[in-house]
Amino acid sequence: MPTANLQPLLKIMEQLRDPENGCPWDKKQTFDSIVSHTIEEVYEVADAIEQKDFAELKGELGDLLFQVVFYAQMAKEQGLFEFNDIIESISEKLIRRHPHVFANTEFANEDEIHANWEAEKEKERAAKALSENKSDSLLDNIPLSLPALNRAYKIQKRCSSAGFDWDSLPPVVDKIYEEIDEVLVEVKRDDLSETQKQARIEEELGDLLFANINLVRHLKCNPEQVLRQANSKFEKRFRLVEQSVLAQGKQMQDCSIEELDVIWEQVKKQ
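Numbering of the sequence shown is given in our numbering, commencing with residue 24 and proceeding in unit increments.
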(Lines of atoms letter the chains of each structure in order from A and count residues from 1; the text may use other names and numbers.)
(Lines give C-alpha, C1' and ligand atoms only; values in the text may rest on other atoms or scores of the structure.)
Protein backbone atom coordinates (compact mmCIF):
# COMPACT_ATOMS: atom_id res chain seq x y z
CA MET A 1 0.00 0.00 0.00
CA PRO A 2 1.52 3.36 -0.99
CA THR A 3 2.25 5.84 1.80
CA ALA A 4 -0.07 8.84 1.78
CA ASN A 5 1.63 12.02 0.65
CA LEU A 6 0.86 14.78 3.14
CA GLN A 7 2.88 17.43 1.33
CA PRO A 8 -0.04 18.74 -0.79
CA LEU A 9 -2.15 19.22 2.35
CA LEU A 10 0.71 20.93 4.16
CA LYS A 11 1.22 23.19 1.15
CA ILE A 12 -2.48 24.09 1.07
CA MET A 13 -2.31 25.05 4.74
CA GLU A 14 0.81 27.13 4.14
CA GLN A 15 -0.92 28.96 1.33
CA LEU A 16 -4.04 29.58 3.42
CA ARG A 17 -1.82 31.27 6.01
CA ASP A 18 0.25 33.22 3.49
CA PRO A 19 0.52 36.80 4.81
CA GLU A 20 -0.16 38.37 1.40
CA ASN A 21 -2.33 35.95 -0.56
CA GLY A 22 -3.84 33.75 2.14
CA CYS A 23 -7.41 33.51 3.41
CA PRO A 24 -8.30 36.39 5.79
CA TRP A 25 -10.01 34.02 8.25
CA ASP A 26 -7.19 31.47 8.31
CA LYS A 27 -4.52 34.18 8.64
CA LYS A 28 -6.01 35.69 11.76
CA GLN A 29 -6.39 32.41 13.68
CA THR A 30 -4.25 31.57 16.73
CA PHE A 31 -3.72 28.47 18.85
CA ASP A 32 -6.37 29.71 21.27
CA SER A 33 -8.96 30.57 18.62
CA ILE A 34 -8.71 27.17 16.91
CA VAL A 35 -9.27 25.05 20.03
CA SER A 36 -13.07 25.28 19.95
CA HIS A 37 -13.07 24.17 16.30
CA THR A 38 -10.85 21.19 17.14
CA ILE A 39 -13.18 20.09 19.92
CA GLU A 40 -16.15 20.43 17.57
CA GLU A 41 -14.41 18.27 14.95
CA VAL A 42 -13.71 15.56 17.54
CA TYR A 43 -17.39 15.42 18.45
CA GLU A 44 -18.35 15.24 14.79
CA VAL A 45 -16.02 12.25 14.38
CA ALA A 46 -17.61 10.60 17.41
CA ASP A 47 -21.09 11.31 16.05
CA ALA A 48 -20.28 9.74 12.66
CA ILE A 49 -18.95 6.63 14.42
CA GLU A 50 -22.01 6.43 16.65
CA GLN A 51 -24.28 6.72 13.61
CA LYS A 52 -22.18 4.11 11.75
CA ASP A 53 -21.95 6.64 8.91
CA PHE A 54 -18.55 5.63 7.59
CA ALA A 55 -18.82 7.70 4.42
CA GLU A 56 -19.27 10.75 6.63
CA LEU A 57 -16.53 9.53 8.97
CA LYS A 58 -13.95 9.75 6.18
CA GLY A 59 -14.71 13.43 5.73
CA GLU A 60 -14.82 14.15 9.46
CA LEU A 61 -11.44 12.48 9.99
CA GLY A 62 -10.10 14.67 7.19
CA ASP A 63 -11.41 17.73 9.03
CA LEU A 64 -9.72 16.53 12.21
CA LEU A 65 -6.43 15.92 10.40
CA PHE A 66 -6.67 19.43 9.01
CA GLN A 67 -6.80 20.75 12.57
CA VAL A 68 -3.46 19.05 13.30
CA VAL A 69 -2.00 20.52 10.11
CA PHE A 70 -3.31 23.96 11.12
CA TYR A 71 -1.55 23.79 14.51
CA ALA A 72 1.64 22.55 12.84
CA GLN A 73 1.66 25.48 10.41
CA MET A 74 1.17 28.05 13.17
CA ALA A 75 3.92 26.39 15.22
CA LYS A 76 6.24 26.42 12.19
CA GLU A 77 5.62 30.15 11.71
CA GLN A 78 6.61 30.75 15.35
CA GLY A 79 9.66 28.48 15.19
CA LEU A 80 8.22 26.06 17.76
CA PHE A 81 8.03 22.81 15.78
CA GLU A 82 6.90 21.42 12.43
CA PHE A 83 4.57 18.67 11.23
CA ASN A 84 7.40 16.15 10.98
CA ASP A 85 8.21 16.79 14.64
CA ILE A 86 4.65 15.78 15.52
CA ILE A 87 5.05 12.53 13.56
CA GLU A 88 8.40 11.78 15.17
CA SER A 89 7.06 12.51 18.65
CA ILE A 90 4.06 10.18 18.43
CA SER A 91 6.10 7.48 16.67
CA GLU A 92 8.73 7.48 19.44
CA LYS A 93 6.04 7.40 22.12
CA LEU A 94 4.16 4.49 20.56
CA ILE A 95 7.31 2.41 20.12
CA ARG A 96 8.43 3.09 23.68
CA ARG A 97 5.02 2.29 25.15
CA HIS A 98 4.71 -0.99 23.21
CA PRO A 99 7.88 -2.94 24.05
CA HIS A 100 5.92 -6.19 23.60
CA VAL A 101 5.50 -5.28 19.93
CA PHE A 102 8.73 -3.46 19.08
CA ALA A 103 11.32 -4.67 21.62
CA ASN A 104 10.60 -8.38 22.12
CA THR A 105 9.45 -7.79 25.70
CA GLU A 106 6.95 -10.39 26.88
CA PHE A 107 3.97 -9.77 29.15
CA ALA A 108 1.80 -12.52 30.60
CA ASN A 109 -1.53 -10.80 29.97
CA GLU A 110 -3.29 -7.53 29.17
CA ASP A 111 -3.11 -6.42 32.80
CA GLU A 112 0.69 -6.47 32.63
CA ILE A 113 0.60 -4.59 29.32
CA HIS A 114 -1.64 -1.95 30.88
CA ALA A 115 0.60 -1.71 33.96
CA ASN A 116 3.63 -1.12 31.73
CA TRP A 117 1.70 1.53 29.77
CA GLU A 118 0.82 3.37 32.98
CA ALA A 119 4.42 3.06 34.24
CA GLU A 120 5.70 4.67 31.04
CA LYS A 121 3.19 7.49 31.37
CA GLU A 122 4.30 8.01 34.98
CA LYS A 123 7.93 8.29 33.82
CA GLU A 124 6.86 10.90 31.28
CA ARG A 125 5.00 12.92 33.92
CA ALA A 126 7.97 12.74 36.30
CA ALA A 127 10.41 13.82 33.58
CA LYS A 128 8.20 16.76 32.63
CA ALA A 129 7.80 17.83 36.27
CA LEU A 130 11.58 17.65 36.73
CA SER A 131 12.23 19.71 33.60
CA GLU A 132 9.77 22.35 34.80
CA ASN A 133 11.07 22.23 38.39
CA LYS A 134 7.67 21.24 39.72
CA SER A 135 6.56 18.58 42.19
CA ASP A 136 5.34 15.43 40.47
CA SER A 137 1.71 14.40 40.98
CA LEU A 138 -0.20 11.42 39.69
CA LEU A 139 -2.88 13.85 38.55
CA ASP A 140 -0.56 15.91 36.36
CA ASN A 141 -1.42 16.32 32.67
CA ILE A 142 -5.16 15.73 33.02
CA PRO A 143 -6.37 18.67 30.93
CA LEU A 144 -8.54 21.21 32.73
CA SER A 145 -10.37 21.77 29.45
CA LEU A 146 -11.72 18.21 29.36
CA PRO A 147 -15.48 17.90 29.81
CA ALA A 148 -16.09 17.44 33.53
CA LEU A 149 -17.49 13.91 33.04
CA ASN A 150 -14.37 12.67 31.28
CA ARG A 151 -12.05 14.52 33.63
CA ALA A 152 -13.66 12.92 36.69
CA TYR A 153 -13.27 9.51 35.04
CA LYS A 154 -9.58 10.11 34.31
CA ILE A 155 -8.93 11.42 37.83
CA GLN A 156 -10.49 8.29 39.31
CA LYS A 157 -8.51 5.99 37.00
CA ARG A 158 -5.25 7.69 37.95
CA CYS A 159 -6.00 7.40 41.67
CA SER A 160 -7.00 3.76 41.24
CA SER A 161 -3.65 2.99 39.59
CA ALA A 162 -1.99 4.06 42.86
CA GLY A 163 -4.24 1.83 44.95
CA PHE A 164 -6.50 4.67 46.12
CA ASP A 165 -9.71 2.82 45.30
CA TRP A 166 -12.24 0.37 46.69
CA ASP A 167 -11.62 -3.22 45.68
CA SER A 168 -15.28 -4.28 45.67
CA LEU A 169 -18.62 -2.90 44.51
CA PRO A 170 -20.67 -2.58 47.78
CA PRO A 171 -18.79 0.45 49.21
CA VAL A 172 -19.01 2.16 45.82
CA VAL A 173 -22.80 1.76 45.84
CA ASP A 174 -23.02 2.73 49.52
CA LYS A 175 -21.21 5.98 48.71
CA ILE A 176 -23.90 6.88 46.18
CA TYR A 177 -26.68 6.43 48.74
CA GLU A 178 -24.63 8.45 51.23
CA GLU A 179 -24.29 11.30 48.73
CA ILE A 180 -28.03 11.21 47.93
CA ASP A 181 -28.78 11.60 51.64
CA GLU A 182 -26.38 14.54 51.88
CA VAL A 183 -28.08 16.25 48.93
CA LEU A 184 -31.48 15.88 50.57
CA VAL A 185 -30.16 17.21 53.88
CA GLU A 186 -29.09 20.41 52.13
CA VAL A 187 -32.40 20.66 50.25
CA LYS A 188 -34.33 20.59 53.54
CA ARG A 189 -32.18 23.15 55.36
CA ASP A 190 -33.83 26.42 56.30
CA ASP A 191 -31.00 28.07 58.26
CA LEU A 192 -29.14 29.46 55.25
CA SER A 193 -29.70 32.20 52.73
CA GLU A 194 -30.91 31.07 49.30
CA THR A 195 -27.47 31.74 47.83
CA GLN A 196 -25.71 29.74 50.54
CA LYS A 197 -28.23 26.91 50.29
CA GLN A 198 -27.88 26.70 46.51
CA ALA A 199 -24.08 26.60 46.80
CA ARG A 200 -24.28 23.72 49.30
CA ILE A 201 -26.74 21.82 47.11
CA GLU A 202 -24.48 22.24 44.08
CA GLU A 203 -21.48 20.99 46.07
CA GLU A 204 -23.33 17.86 47.20
CA LEU A 205 -24.74 17.24 43.71
CA GLY A 206 -21.18 17.37 42.40
CA ASP A 207 -20.17 14.72 44.94
CA LEU A 208 -23.15 12.61 43.88
CA LEU A 209 -22.23 12.81 40.20
CA PHE A 210 -18.62 11.95 41.03
CA ALA A 211 -19.78 8.90 43.00
CA ASN A 212 -21.97 7.74 40.11
CA ILE A 213 -19.05 8.01 37.69
CA ASN A 214 -17.07 5.86 40.11
CA LEU A 215 -19.76 3.17 39.91
CA VAL A 216 -19.68 3.28 36.11
CA ARG A 217 -15.89 2.90 36.19
CA HIS A 218 -16.02 -0.03 38.62
CA LEU A 219 -18.41 -1.77 36.23
CA LYS A 220 -15.75 -1.32 33.52
CA CYS A 221 -17.77 1.12 31.43
CA ASN A 222 -16.94 4.56 30.12
CA PRO A 223 -19.27 7.24 31.56
CA GLU A 224 -19.21 9.38 28.42
CA GLN A 225 -20.22 6.40 26.29
CA VAL A 226 -23.01 5.16 28.55
CA LEU A 227 -24.41 8.69 28.95
CA ARG A 228 -24.36 9.22 25.18
CA GLN A 229 -26.27 5.96 24.82
CA ALA A 230 -28.77 7.07 27.47
CA ASN A 231 -29.21 10.43 25.71
CA SER A 232 -29.85 8.66 22.42
CA LYS A 233 -32.36 6.25 23.95
CA PHE A 234 -34.25 9.04 25.72
CA GLU A 235 -34.31 11.17 22.57
CA LYS A 236 -35.74 8.34 20.46
CA ARG A 237 -38.43 7.60 23.03
CA PHE A 238 -39.34 11.26 23.48
CA ARG A 239 -39.71 11.74 19.73
CA LEU A 240 -42.08 8.76 19.65
CA VAL A 241 -44.10 10.31 22.48
CA GLU A 242 -44.32 13.55 20.48
CA GLN A 243 -45.50 11.62 17.42
CA SER A 244 -48.11 9.75 19.46
CA VAL A 245 -49.47 12.98 20.93
CA LEU A 246 -49.66 14.62 17.49
CA ALA A 247 -51.45 11.54 16.12
CA GLN A 248 -54.17 12.23 18.71
CA GLY A 249 -54.54 15.77 17.40
CA LYS A 250 -52.98 17.31 20.51
CA GLN A 251 -49.92 19.29 21.52
CA MET A 252 -47.55 18.20 24.29
CA GLN A 253 -48.62 21.21 26.39
CA ASP A 254 -52.27 20.02 26.22
CA CYS A 255 -51.48 16.72 27.98
CA SER A 256 -51.15 16.13 31.68
CA ILE A 257 -48.03 14.48 33.04
CA GLU A 258 -50.15 11.41 33.78
CA GLU A 259 -51.24 11.16 30.13
CA LEU A 260 -47.68 11.61 28.92
CA ASP A 261 -46.45 8.97 31.35
CA VAL A 262 -48.94 6.44 29.94
CA ILE A 263 -47.70 7.14 26.40
CA TRP A 264 -44.09 6.92 27.61
CA GLU A 265 -44.71 3.45 29.03
CA GLN A 266 -46.35 2.37 25.78
CA VAL A 267 -43.31 3.61 23.84
CA LYS A 268 -40.97 1.68 26.15
CA LYS A 269 -42.90 -1.52 25.48
CA GLN A 270 -42.41 -0.99 21.75
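From the three backbone atoms N, C-alpha and C, an ideal C-beta is built for every residue, glycine too.
Given the structure is predicted, the values throughout are model-derived calculations rather than measurements.
{"Asked": "Alpha helix (DSSP H) segment containing CYS182, residue limits", "Found": "171-184"}
{"Asked": "Beta-carbon gap between ARG251 and VAL290 smaller than 8 Å", "Found": "no"}
{"Asked": "Neighbourhood of GLU247 by C-beta distance below 8 Å, restricted to the same chain and skipping five residues each side", "Found": "PRO170, LEU172, ASN173, TYR176"}
{"Asked": "Cβ distance (whole Å) where ARG181 is taken to contact LEU207 below 8 Å", "Found": "Actually they are not in contact, since the Cβ atoms of ARG181 and LEU207 sit about 31 Å apart, beyond 8 Å."}
{"Asked": "Of the residues ASP230, ARG120, SER59, ILE109, the one placed nearest GLN179, counting alpha carbons only", "Found": "ASP230"}
{"Asked": "Opening and closing residue of the alpha helix (DSSP H) in which PRO122 lies", "Found": "122-125"}
{"Asked": "Inter-residue Cα distance where the pair is LYS116 and PHE106", "Found": "16 Å"}
{"Asked": "GLU288 to GLU225 span [Cα, whole Å]", "Found": "31 Å"}
{"Asked": "Local Cβ density within 10 Å of VAL124, reported as buried at 16 or more and exposed below that", "Found": "exposed"}
{"Asked": "3-residue-minimum beta strand (DSSP E) runs that sit fully inside the region 74-160, ordered along the chain", "Found": "none"}
{"Asked": "Status (buried if at least 16 other CB within 10 Å, exposed otherwise) for ASN237", "Found": "buried"}
{"Asked": "Segment contact flag, the region 45-62 with the region 80-97, C-beta cutoff 8 Å, min 3 pairs", "Found": "yes"}
{"Asked": "Inter-residue Cα distance where the pair is HIS121 and ASP213", "Found": "58 Å"}
{"Asked": "CB of ILE280 within 8 Å of CB of VAL268, strictly", "Found": "no"}
{"Asked": "Counted within 10 angstroms of its Cβ, other Cβ atoms place ALA126 as buried (16 or more) or exposed", "Found": "exposed"}
{"Asked": "Separation of LYS243 from VAL65, as counted between CA atoms", "Found": "23 Å"}
{"Asked": "Straight-line Cα distance separating GLU258 from GLN276", "Found": "18 Å"}
{"Asked": "Rounded separation between ILE35 and ALA71 - CA only", "Found": "26 Å"}
{"Asked": "ASN294: first and last residue of the uninterrupted alpha helix (DSSP H) it sits in", "Found": "This structure gives no information on residue 294, because the portion of the chain shown stretches from 24 to 293."}
{"Asked": "Extent of the continuous alpha helix (DSSP H) to which LEU29 belongs", "Found": "First-last for LEU29: undefined, no H or E at that position."}
{"Asked": "Secondary structure of MET24, DSSP reduced to three states", "Found": "Any reading at MET24 must be qualified, since the residue scores a pLDDT of 49, below 50, and its modelled position is unreliable; the value itself is stated next. In the structure shown, MET24 sits in coil (DSSP, three-state: anything other than H, G, I, E or B)."}
{"Asked": "Per-residue DSSP class, three states only, for GLU43", "Found": "coil"}
{"Asked": "Proximity winner among SER160, LEU263, GLU201, LEU167, relative to ALA185 (alpha-carbon distances)", "Found": "SER160"}
{"Asked": "Residue closest to LYS298, alpha-carbon to alpha-carbon, out of LYS198, GLU100, LEU192", "Found": "Residue 298 falls outside the range modelled here, since the chain spans only 24 to 293, and no answer is possible."}
{"Asked": "Separation of PRO193 from GLU145, as counted between CA atoms", "Found": "30 Å"}
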